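Notes follow the structure.
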Amino acid sequence: MLEIKNLHASVNGKEILKGINLVINDGEVHAVMGTNGAGKSTLSNVIVGNPAYEVTEGEIIFNGKNILDMKPEERAQEGIFLSFQQPVEIPGVSMTNFMRAALNAKRKHQGLEPLPAGEFLKLMREKRKIVELDSKLANRSVNEGFSGGEKKRNEIFQMAMLEPTFSILDETDSGLDVDALRIVAEGFNKLRTPQTSAMVITTTSDCWTT
Amino acid sequence: MSAEQQYIELYQETKGMLCRHSAQPLNALREQAFEDFKQLGFPTRKVERYKYTDVAEAFAPNYGLNLNRIAIPVNPYEVFKCDVPNLSTSLYFVVNDQFYDKALPSAQLPEGVIVGSLKDAADTHPELVKKYYGTLARTSKDAINALNTMLCQDGLFVYVPKNVIVERPIQIVNVLRSDVDLMVNRRVLIVLEQGASVKMLFCDHAIDDRNFLTTQVIETYVGENAHLELYELEETHVKNTRFSNMYADQQTYSTAVLDNITLHNGMTRNRTDLTLSGEYAETTLNGLVIADKEQQVDNNTLIDHKAAHCQSNQLYKYVLDDKARCAFAGRVLVREGAQQTTSQETNANLLGSKEARIYTQPMLEIYADDVKCSHGSTVGQLGEQAMFYMRQRGIPYDEARMLLKFAFAADVLQTIKLDALHDRLNYLVDKRFRGELSKCEGCKMCK
């Protein structure tokens, strides 16, 4: 599924990744552990194409395609998803409009028609239940005023909506209490299939055993 | 020839014709307006309130005028189906400066309410028009007022008698229609007597691909305990130049909600002067500007707190792109004795390109010692983090930008109290940001 070869990347001229090699096959979940500042988040940002990071050498092959020349949205439409360590608040953009734009962009990429409004809302309702987010979600602005736990659950909710084939969970476990952690972990497990893979970035070793 | 000279000559040559095709209360102020205009000339950029707009340049071209009142062959009800779905309004048209009185809607206005031609009202209700006409828009202070008063022949008159509540919103569509380049001098007089209440929607459109120059003066009297909502929407094209001066005077316990939205235009200058004359009056003044290409919008406001215990809220937002050049200057004046004033003024601007310019100048002047006032302004660009977050979810770059711009504009739209209008504007703003023609269905052109 994903193959990273001799990847070098830098931020503001400072080299952070110095030759990473990694192969993730279908159905595998890899854990990436390391001390703070080791470059875990840099790796995830480079995979999803954050323009703030510069790749100086190496390549990333995703399902046979070199994705380094692709825009972030193209990589997302190909099926790569990042659960952000710090989800961004977007005041004024409702979750409904946000998810509709994202889902329909993906469908367009797959050559499908936009999902009719009724079906879309039904899908929102179904997926919301996976992470136990309440019904007010639809009208709220993206992550605005969400608690730390809600933001992380919202990331998994978006993952459920978009059904990526490869997900990166960047410290999705951090800052969660035991209940929220259970919800997020169970949600994530429900979404796993033999065809999907994931990379889990964490600083603690015991969180994903639940 | 200086820009002023052609208007001076025009007046001298056509004085008789101007008066013949207008009404006495309007003609009565013409000569003084002419003297004032000669005296003032067009304001240069050294005049504080015209700092950001080159007035003489805008008035320099030679436009035609329809002083002879030749009927314009158009049935706006047919060419123009600018309706707001789910909003039942009493719909009227003003073609250029002429109230369209053929095929009037069978609207049932409450008894005593007048919506019609200013010229006709000046003939049928001269005492009413005389009492108010020209008393707020002083010709000695502002050249646009002087020019408009000197040349205007007609326009709109709205009158709501004491304690009458007009339930159904009144929609006025100002249509600019001409086969040659045209100058239009439109005059509007709105009077709400004590306890009256009305909601109004003014939409400005230009349906011909011609250069239009409009001067408009709106005088609004909001009587004691009267309630006014007035939404002004400009949706014209790039060949359109608009100078609009709006004056409103509010009496005790009155409320006013004034929204001014520039969706699409060429060059626009809006002056809005609100006076809170009576105690406990409340005013909300909001604006939204969406401009790109080389569009210009200059909003210049004054909220004059003359009486105690009044409240004013002002929110203007601009979303600019390409080479748009816009300005906001808002002065809040709290006079001596206007104690317990609460006033808030906010201007926020989003610039989408390096060439877009905003000149912003919030001003607060306080001569009372027991007030709560704030003023502020921000200029910024779209958040990179939010952009990346959206793109990571697969939303294309342009779509993500559009969603963020829309979100920025949304809180001005939220102040619109008519739900159906709010929905319609959401739709139009969305279309505007998508770069689709920001026109109503049925309108022949808007580029």
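For the record, the sequence lines run as chains F and A.
Letter by letter, the first sequence follows residues 1 to 210 of our numbering.
Letter by letter, the second sequence follows residues 1001 to 1447 of our numbering.
Backbone N, C-alpha and C fix where the C-beta goes; we use that ideal spot for every residue, glycine too.
Model, not experiment: these values are computed from the prediction.
What is the DSSP secondary structure of residue 947/A, reduced to helix, strand or coil? Any question about residue 947/A goes unanswered here, given that chain A covers just 1001 to 1447.
Taking the straight line between their C-alpha atoms, what separation do you get for residue 1053/A and residue 1066/A? 26 angstroms
Please state if the CB of residue 80/F and the CB of residue 48/F are separated by a distance shorter than 9 angstroms. yes
If residue 1169/A and residue 1199/A are in contact, beta carbons under 8 angstroms, what's the gap, nearest whole angstrom? Right, the Cβ-Cβ distance comes to about 4 angstroms (below 8 angstroms), so this counts as a contact.
Ranges of the beta strand (DSSP E) found wholly within the segment 111–190 of chain F, counting only runs of at least 3: 166–170
Where residue 1445/A and residue 1040/A are concerned, what is the direct C-alpha to C-alpha distance, given to the nearest angstrom? Residue confidence is low: residue 1445/A scores 42 on pLDDT, short of 50, so the model does not pin down where it sits. Its coordinate-derived value is still stated next. Roughly 37 angstroms separates the two Cα atoms.
Of the listed residues 1342/A, 1395/A and 1346/A, nearest to residue 1369/A (C-alpha basis): Ranked by Cα distance from residue 1369/A, the first of 1342/A, 1395/A and 1346/A is 1342/A.
Between which two residues does the beta strand (DSSP E) containing residue 1202/A stretch? 1197–1206
How is residue 1059/A classed by DSSP in three states: helix, strand or coil? Judged by DSSP in its simplified three-state form, residue 1059/A adopts helix.
Which residues, in order along the segment 160–171 of chain F, keep a beta-carbon less than 8 angstroms from a beta-carbon of chain A? 162
Alpha carbon to alpha carbon, how far is residue 194/F from residue 187/F? 16 angstroms
For residue 1213/A, which residues in the same chain have their Cβ closer than 6 angstroms to its Cβ, ignoring the five residues on either side in sequence? 1063, 1183 and 1241
I'd like to know whether the C-beta of residue 1395/A is nearer than 9 angstroms to at least one C-beta of chain F. With 9 angstroms as the cut-off, residue 1395/A counts as an interface residue toward chain F.
Does residue 1399/A pass the burial test, meaning 16 or more other C-beta atoms within 10 Å, or should it be called exposed? It is buried - the Cβ of residue 1399/A has at least 16 other Cβ atoms within 10 Å.
Chain-ordered chain F contacts of residue 1433/A [CB-CB under 8 angstroms]: Neighbours of residue 1433/A in chain F, taken as residues at a C-beta separation under 8 angstroms, are lacking, since the least C-beta distance is about 13 angstroms.
Quick one: does residue 152/F have its CB under 9 angstroms from some CB of chain A? no
Using a beta-carbon distance below 9 angstroms, is residue 117/F in contact with chain A? no
Could you compute how far the alpha carbon of residue 1443/A sits from the alpha carbon of residue 1076/A? In this prediction, residue 1443/A scores a pLDDT of 45, lower than 50, which makes its location untrustworthy; the coordinate-derived value is nonetheless stated afterwards. If you take the alpha carbons of residue 1443/A and residue 1076/A, they lie about 10 angstroms apart.
Distance check for residue 39/F and residue 55/F, CA to CA, integer angstroms please. 13 angstroms
Taking residue 1429/A as the reference, give the member of 1211/A, 1044/A and 1406/A with the closest Cα. 1406/A
Residues in the same chain with beta-carbon distance under 7 angstroms from residue 114/F, minus the five sequence neighbours each way, listed in chain order, please. Answer for residue 114/F: 104 and 107, listed in chain order.
Provide the residue span of the alpha helix (DSSP H) that contains residue 1006/A, from first to last. 1003–1020
Beta-carbon of residue 1348/A versus every beta-carbon of chain F: anything under 9 angstroms? no
Checking contacts by CB at 9 angstroms: is residue 89/F closer than that to chain A? Cβ-Cβ to chain A under 9 angstroms: yes for residue 89/F.
Contact between the segment 1275–1291 of chain A and the segment 1316–1323 of chain A is defined here as three or more beta-carbon pairs at a separation below 8 angstroms; is this criterion met? yes
Along the segment 1409–1423 of chain A, what residues have a CB closer than 9 angstroms to any CB found in chain F? 1409, 1410 and 1411
Backbone CA spacing between residue 148/F and residue 121/F [nearest angstrom]: 25 angstroms
Give a yes or no on whether the minimum CB-CB distance between residue 1206/A and chain F is below 9 angstroms. no
Endpoints, beta strand (DSSP E) assigned at residue 198/F: 197–202
Secondary structure of residue 1378/A, DSSP reduced to three states: strand
State yes or no: is the C-beta of residue 198/F within less than 9 angstroms of the C-beta of residue 167/F? yes
If you follow the beta strand (DSSP E) that residue 1385/A is part of, which residue opens it and which one closes it? Looking at the DSSP string, residue 1385/A is not in any beta strand (DSSP E); the run it does join, the alpha helix (DSSP H), is 1384–1392.
For residue 1148/A, the three-state DSSP class (helix, strand or coil): Reduced to three states, the DSSP call for residue 1148/A is helix.
For residue 1321/A, name the three-state secondary structure that DSSP assigns. coil
Does the CB of residue 43/F have a neighbour CB from chain A at under 9 angstroms? No, residue 43/F does not count as interfacial toward chain A.
How many Å lie between residue 142/F and residue 1251/A at the Cα? Using only the alpha carbons, I get a separation of about 43 angstroms.
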